[in-house]
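Start counting the sequence shown at 1; every next residue gets the next number (the UniProt record's numbering). The C-beta atom is built at its ideal place from N, Cα and C for all residues, glycine as well.
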Amino acid sequence: MKYTWEEFARKMGIEVERLENKEARELKKFVNELIAPTHCQFCQGLDLSIENPVHHPSYELTPACNHDCIFCYSNVAVKLGKAPKPGYYGWENPKAITISQYGEPLLSPRIVEVNKMLRKRFPEARLDLQTNGSLLTEELWQKLDFDLVMISLDAASRKKHKMITNADTFDKVVNALKIVGADKSVRSIVRTIFMPGINDEDIPKIAELAASLGIDEMMLQPLTIHKLNEERLRRAGLDFERAESIRELLKVAIEAKKYIDVRISGCLLVQLKRMDALTLYNVYKVSREVAPLVKRKKLDEIEKVIHKLAL
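Shown next, in the form of structure tokens:
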């Protein structure tokens with residue numbers, strides 16, 4: 001005769017509640033109360049009925065970047081010759097478009113032009129800017145028109161930020177958070193990668209700093225380890241096992257939640273919500289990939305329309 005684990009526990013004289021520790025129940029409660037990041041809304045990854053979901057569309061401006069982050073998938077794509085060429089990747093009627101998922105878009109002299117043309121071509125779409133923030137000035141901000149801005153910050157000090165990014169731009173990034181946080185017409189987000197052994201102690205401090213500058217939300221993402229970055233991460237002190245532990249990710253998110261509206265990647269969150277407390281407590285995420293790839297088609301006709309609008 002087959003028993004459920006609850007029935008088996010009771011036959012062994014063990015109350016079911018004893019099989020769940022307090023921390024597991026707290027993690028489950030925390031996950032149940034979480035909502036998907038604003039940026040993830042409209043993404044196919046939130047729909048578990050889609051077999052091979054893709055991110056919502058993006059407009060790629062350049063694979064170049066003024067940072068050289070130890071974890072970055074974009075520089076891996078460049079080294080492997082897999083970085084997308086500039087252009088629109090998506091479909092005809094998007095609900096959201098990101099500028100951009102590869103490289104630093106503010107390096108491109110076309111950023112203002114493309115921003116305006118996408119607004120004209122897709123007036124109903126949410127426009128998201130994903131940037132490291134180091135090049136965002138008040139003057140440039142006044143020329144831009146976005147609904148959501150994600151600024152990457154993975155350290156709470158200048159020294160550690162320089163170690164992670166290989167660029168001495170911490171103060172400029174903090175200033176960008178201040179500029180965006182003061183503009184309540186946009187949804188402002190600090191985007192932080194969980195790298196235990198490197199920045200786990202920094203994350204609550206980043207949350208507190210961002211909140212003090214008026215930032216609306218923290219998007220906390222698990223680390224994806226690409227082979228070309230593995231040695232750099234090891235030298236920096238990454239705890240590879242903890243980097244794949246969902247429990248460790250959630251514990252840091254709970255601490256950061258004391259200061260700001262913390263959310264974790266939507267495509268991961270929908271999976272976690274299906275798990276019971278014990279599974280959630282013990283589950284690990286496979287974090288290793290070889291090459292990042294864009295799974296959306298490049299629509300050159302959209303690029304032609306944008307050029308016409310610019311004339």
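Item to check | Beta-carbon gap between Met218 and Val262 smaller than 8 Å | outcome: Cβ atoms of Met218 and Val262: closer than 8 Å.
Next on the checklist: Assuming Val31 is part of the alpha helix (DSSP H), what are its boundary residues?
Outcome noted: Unbroken alpha helix (DSSP H) run through Val31: 22-33.
Checklist entry - Are Ile260 and Lys285 close, meaning C-beta to C-beta below 8 Å? => result Contact flag unset, no.
Checklist entry - Which of helix, strand or coil does DSSP assign to Ser157? => result Residue state, collapsed to three classes: coil.
Checklist entry - Thinking C-beta only, is Asp239 closer than 8 Å to Gly197? => result Taking 8 Å as the cut-off, the beta carbon of Gly197 is found closer than this to the beta carbon of Asp239.
Next on the checklist: By the three-class DSSP mapping on this structure, what secondary structure does Glu124 have?
Outcome noted: It is coil, neither helix nor strand.
Checklist entry - So, helix, strand or coil for Gly45, using DSSP? => result Here Gly45 sits in helix by DSSP.
Next on the checklist: Between which residues of its own chain and Ala182 is the CB-CB distance below 6 Å, once the five residues before and five after are set aside?
Outcome noted: For Ala182, where only same-chain residues beyond five positions count, the Cβ hits under 6 Å are Gly214.
Item to check | the stretch 108-125 in contact with the stretch 142-151 per 3-pair CB rule at 8 Å | outcome: Output reads yes: the stretch 142-151 touches the stretch 108-125.
Checklist entry - For Cys43, which of Leu272, Asn282, Gly266 has the nearest alpha-carbon? => result Proximity to Cys43 across Leu272, Asn282, Gly266 peaks at Gly266, based on C-alpha coordinates.
Checklist entry - Which full runs of the alpha helix (DSSP H) of 4+ residues lie inside the stretch 186-244, going along the chain? => result Entirely contained in the stretch 186-244, the alpha helix (DSSP H) runs reaching 4 residues are, in chain order, 203-212, 230-236, 240-243.
Checklist entry - Between Gly90 and Glu60, is the Cβ-Cβ spacing less than 8 Å? => result No, the pair does not count as a contact, with Cβ atoms beyond the cut-off.
Item to check | the stretch 267-276 / the stretch 22-40 touching (three or more Cβ pairs under 8 Å) | outcome: At 8 Å Cβ cutoff, the stretches touch.
Checklist entry - Are three or more beta carbon pairs between the stretch 201-213 and the stretch 247-258 nearer than 8 Å? => result Here the stretch 201-213 lies against the stretch 247-258, with 3 or more beta-carbon pairs under 8 Å apart.
Checklist entry - Which residues share a DSSP beta bridge with Ser58? => result Note: Ser58 sits in a beta bridge opposite Tyr89, Thr98.
Next on the checklist: Using 8 Å for Cβ pairs, my map puts Pro94 next to Ala125. What's the rounded Cβ distance?
Outcome noted: That pair is a contact at about 5 Å.
Next on the checklist: Taking the beta strand (DSSP E) that Leu280 belongs to, which residues open and close that run?
Outcome noted: That residue, Leu280, is in no beta strand (DSSP E); its alpha helix (DSSP H) goes 277-282.
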